[in-house]
Amino acid sequence: MPAAACDPLLILGGGLIGLSVAHQLARRGRAVTVLSRRRSEAAGFVAAGMLAPHAEGLSGPLLALGQASLGRIPAWVAQIEADSGLRCGLRACGIVVPFRSAAERDTYPTAAVGEALDRTRLEAEVPGIGPDFRAGLLFAQDGQIDNRRQLMRALERACVERGVAFEEGAEVLELLTDDPVPGATGRSHLRGVRLRGADGEERRLGCEQAVLACGAWSADLLPALPVHPVKGQMLSLQGPRQALQRVVFGPGTYLVPREDGLVVVGATSEAEAGFADGLTPRGQRQLEDNLAALLPAAAGWPPMERWWGFRPGTPDQSPLLGASPIEGLWLATGHYRNGVLLAAITAELLVPLLLGQNLPASARELLAAFRWDRPLPPPAASHPAAE
Ligand code: GLY
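Given below as structure tokens:
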């Protein structure tokens, strides 16, 4: 069956990364169609929304990428809010990382760019912090965005207002390519996708260009990609309004207070779970025990919701951005713990490539570290910060 002609650029994946790229392309007048399998499984609806390159202790090129994105987020959010007429819930609230000792604090990878807190200052920043924590770092430059209740909705609306087309319930089953060009790059060319629509019918959709933004499911379409699921379980509590002003990034658990007192509590980090759905007693107990140690009073706050999702993990915990092994297919995946933080810079870096424009040298340099075929360490079982 020949593939039907298709001018729009396809975005494979309707999560935060896919929508961010779609929105910026549409703002530049490019016709875009987003193929989205199941809106609810997008990591953008699951994450806590921390903007935490410093608090999460990133280093090297990933820290540089995170800092570049953090700096762009206010302008990016302003565009989304202007296009959608909806607020995104961005809060420059700062993040506190508590430690059991000053020595532990002073060896933290990003200690040099945080404000060192002793116990008294830590208690002032996080009233009610557990007695085990004797020191802290305040990263006033970090913050949060209400991804679950505000950002995703605003971004979807902004895309629609800018003319992005959506096909919901469309599962991409296969990438269609032609044979490698002899003597040229040796890469095959993208010719389209085979998909199953919401009506259950399979069909082919032709395209010359697409962005693979399928998060944890990316290797299903392109097995060469080193992306694997890292499950995270979360819960939320209704705290008293203003009880917490700062995000608290504790060992194994973090607390993200929204403006109305809702506190998002994250997250387990379970690489061994694969794509196993559902909450587990062990995971929920881990969150509750860590929460009780971090902020004892919060253990008595009314629980609101519990949920889980799958981070797109990579062996070096960094994303895969830019060209892929298939000409015409571009990568925006593998954002692991930092999808919300990195959405703005991902779109900024990808869009000129997709429009065939030259990237400034600084952008080329940022991207170079995130090629899909860079040398990678063997996969780590889980992230130490959440064990
Ligand atoms: N960035 C927090 C998490 O992935 O749990």
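Using the numbering used here, read the sequence shown as starting at 21 and increasing by one per residue.
Even for Gly, the Cβ is constructed at its ideal location relative to N, Cα and C.
- Leaving aside the five residues that flank L210 on each side, the residues in its chain whose CB is nearer than 8 Å to its CB run, in chain order, L195, L196, T197, C227, E228, Q229, A230, I346, E347, G348, L349.
- When DSSP states are grouped into helix, strand and coil, D138 belongs to the strand group.
- Remark: C-beta atoms of V117 and L157 approach each other more closely than 8 Å.
- The continuous alpha helix (DSSP H) containing E124 extends over residues 122 to 126.
- Judged by the Cβ position, R224 fails to qualify as a neighbour of the ligand GLY at the 7 Å threshold, every heavy atom of the ligand being at least this far.
- Taking a 10 Å sphere around the C-beta of T127, we find fewer than 16 other C-beta atoms and assign the residue as exposed.
- Of the heavy atoms belonging to the ligand GLY, none sits nearer than 7 Å to the Cβ of G272.
- The DSSP-derived three-state label of E228 is coil.
- In the DSSP annotation of this structure, the continuous segment of the beta strand (DSSP E) that includes P323 starts and ends at 323 to 333.
- Within the DSSP bridge table, the entry for L195 names V213 as partners.
- Counting C-beta pairs with one atom in each stretch, the region 313 to 321 and the region 289 to 297 have fewer than three that are closer than 8 Å, which means they do not touch.
- Put simply, the backbone Cα of A218 is about 15 Å away from that of S60.
- DSSP places I37 inside the alpha helix (DSSP H), whose first and last residues are 36 to 47.
- Between H74 and F159, the gap from beta carbon to beta carbon is short of 8 Å.
- Per DSSP, P151 lies in no beta strand (DSSP E) and is assigned neither H nor E.
- Straight through space, the alpha carbons of P81 and A389 are spaced by roughly 7 Å.
- In this structure, M324 has its beta carbon at no less than 7 Å from each heavy atom of the ligand GLY.
- In this chain, the beta strand (DSSP E) harbouring T53 covers 52 to 56.
- By alpha-carbon distance to A239, the top candidate from D27, G33, I365 is G33.
- With three or more CB-CB distances shorter than 8 Å, the region 355 to 375 counts as touching the region 32 to 48.
- By the Cβ-count criterion, P249 is buried, with 16 or more other Cβ atoms from all chains shown falling within 10 Å of its own Cβ.
- Within the model, the alpha-carbon separation for G281 versus Q170 is close to 15 Å.
- In this structure P339 is in contact with H355, their Cβ atoms being roughly 5 Å apart against a cut-off of 8 Å.
- Spatial neighbours of T366 in its own chain (CB-CB distance under 8 Å, excluding positions within 5 residues in sequence) are listed in chain order as I37, S40, V41, S89, P339, L341, A352, H355.
- Inter-residue distance for R331 and K251 is about 6 Å (C-alpha atoms, whole angstroms).
- Residue pairing for F269: DSSP places it in a beta bridge opposite Y274.
- Here F159 carries a strand assignment [DSSP, helix/strand/coil].
- A67 and P398 have their C-alpha atoms some 25 Å from each other.
- Look at G252: its beta carbon is less than 7 Å from one of the heavy atoms in the ligand GLY.
- Counting the other CB atoms within 10 Å of its CB gives P271 a total of 16 or more, which places it among the buried residues.
- Per DSSP, the unbroken beta strand (DSSP E) holding E188 starts and ends at 185 to 188.
- Taken from the Cβ of A67, at least one heavy atom of the ligand GLY lies inside 7 Å.
- The C-alpha of A123 is placed about 31 Å away from the C-alpha of V360.
- For the pair L232 and L241, the CB atoms are nearer than the 8 Å cut-off.
- Looking at the backbone, the Cα of S79 and that of S56 are separated by about 33 Å.
- Residue C234 holds the alpha-carbon nearest to the alpha-carbon of E191 among D152, Q377, C234.
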